[in-house]
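Protein sequences, first through last, are from chains X and C.
Sequential numbering from 57 applies to the first sequence in our numbering.
Sequential numbering from 3 applies to the second sequence in our numbering.
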Amino acid sequence: MPHQVVKATVRGSQGDLAKIAKALKDGVGPNHETKINILHIGGGESHEVNGIELGVITMILEPDEPPIDGFILQAIRDVDLDPTGDHHHVAHVETYPNVHISVLDAPGTLSGALDAVAQADLNILSVLTMGSGGGVVDVGLAFEDETTANAARAALSGVNVIVHPAE
Amino acid sequence: MPHQVTKATARGSQGDLAKIADALRNLTPPVNIIAIGGGEGVLKNKNGSTTEVGVISMILEPDDGPNSAKIRTALTDLKLGKGRTLEDVEQFPNIHIQIDDKPGELKKALDAVAGLNIRSVLSMGTLMGTANVGLGFSETDRPKAEKKLKDKLIKVVDHQH
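Set out below in structure tokens:
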């Protein structure tokens, strides 16, 4: 089964990322028995919009197959981001199907892939580099559901990228 | 000179990411996206509505000398349609660290820089059990972050263009 993307939104606050990483390191599940490795991570704090500053973190984790994916979401939701203050939690966290593509490591190649998805009128929820080597860059694109992800795979099959199979 | 992080904030809208990538491709010289990470942030407001904000952090090449200003101008001037532009474009230093590719190692690095504000985090590839990660800091915090990381024996990769 391919990896999923975990995307978390917090009201931008110093130290939140370390608290989320600690929850994964400490282990998830009923007895915290499964320690989670962060394979890929990307994100940052937004500029203030409508008086709100958000932090958005996108991750690909291992292991993340069912039922561990559910335990991961619960563990992140349970993180107390302000234990000495208002005890707020992550504003939003969800998992999404990841479409894994490989593009040549050269200017414009990722742009070509993103154009194909945009022209198919599909919304990319997150983007994440998954490593590079041999002149190729691996990129993960997250979509709302499997139907949209499959439509993206079809759109991407018409451009100069390798689309890795869903299964 | 180490790479910078270029971070863009947009009010989430379909197709913006492709327009950002196009703008970088069309620069002279064309700019390559070495690492990219981010997504649409979702926040429920008190009135039940939802605020969606897209945040994208990128490490680009070339990004030194005059290329840095070209990138910033291209993204700041980028027309996203319907009169929209990016809400914000920022550039700040990236610290490239290397950690073991196993649970808890990123946490150690994040703990090392506790007290400093991490502006972005980006995976930069994994090879032979070593994960490369970029942590973005303000210019003021960068030397403090480097010292804290080195004090905790986290490997900081010294980049020279």
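Glycine is no exception: its CB is placed at the ideal position from the N, C-alpha and C atoms.
What you are looking at is a predicted structure, and each value in this text was computed from that prediction instead of being measured.
| Check | Outcome |
| --- | --- |
| Identify the contact partners of Arg144 of chain C in chain X, using a Cβ-Cβ distance below 8 Å as the criterion. | The premise fails here: Arg144 of chain C is roughly 15 Å from chain X at the closest Cβ pair, so nothing lies under 8 Å. |
| Determine the DSSP secondary structure at Gly168 of chain X, reduced to helix, strand or coil. | helix |
| Give me, in chain order, the residues of the same chain whose beta-carbon lies closer than 6 Å to that of Ile120 of chain C; leave out the 5 immediate sequence neighbours on both sides. | Leu137 |
| Taking any Cβ of chain C, which residues in the segment 108 to 140 of chain X have a Cβ under 8 Å from it, in chain order? | Ile108, Leu110, Gly111, Val112, Ile113, Thr114 |
| At a Cβ cut of 8 Å, what residues of the segment 75 to 93 of chain C count as close to chain X, listed as they run along the chain? | Glu89, Asp90, Glu92 |
| Take every Cβ of the segment 180 to 188 of chain X, pair it with every Cβ of the segment 152 to 167 of chain X, and state whether three or more of those distances are shorter than 8 Å. | yes |
| Name the one or two DSSP bridge partners that Asn96 of chain C has. | C:Gly138 |
| Who are the neighbours of Thr204 of chain X on chain C, taking C-beta pairs under 9 Å? | Chain C residues near Thr204 of chain X: none, gap ~11 Å exceeds 9 Å. |
| Have a look at Asp120 of chain X and Pro68 of chain C and give me their C-alpha separation to the nearest angstrom. | 43 Å |
| Can you tell me whether DSSP reads Asn154 of chain X as helix, strand or coil? | strand |
| Taking Pro153 of chain X as the query, report the chain C residues whose CB atoms sit under 7 Å from its CB, ordered along the chain. | Neighbours of Pro153 of chain X on chain C: none; closest Cβ ~13 Å, over 7 Å. |
| Which term fits Val159 of chain C, buried or exposed, when burial requires 16 or more other beta carbons within 10 angstroms of its beta carbon? | exposed |
| Can you name the residues of chain C whose CB is closer than 7 Å to the CB of Ile92 of chain X? | Pro105 |
| Please look up how many angstroms separate the CB atoms of Leu137 of chain X and His148 of chain X, rounded, as I've assumed it's under 8 Å. | Wrong, their Cβ atoms sit about 13 Å apart, outside the cutoff. |
| Does the Cβ-Cβ distance between Thr114 of chain X and Lys63 of chain X come in under 9 Å? | yes |
| Are the Cβ atoms of Thr8 of chain C and Leu62 of chain C separated by less than 9 Å? | yes |
| Give me the DSSP bridge partner(s) of Val227 of chain X. | Any answer about residue 227 of chain X is impossible in this case: the structure gives chain X only from 57 up to 223. |
| Establish whether the CB of Glu42 of chain C and some CB of chain X are separated by less than 9 Å. | yes |
| Could one say the Cβ of Asn179 of chain X lies closer than 9 Å to chain C's Cβ atoms, at least one of them? | yes |
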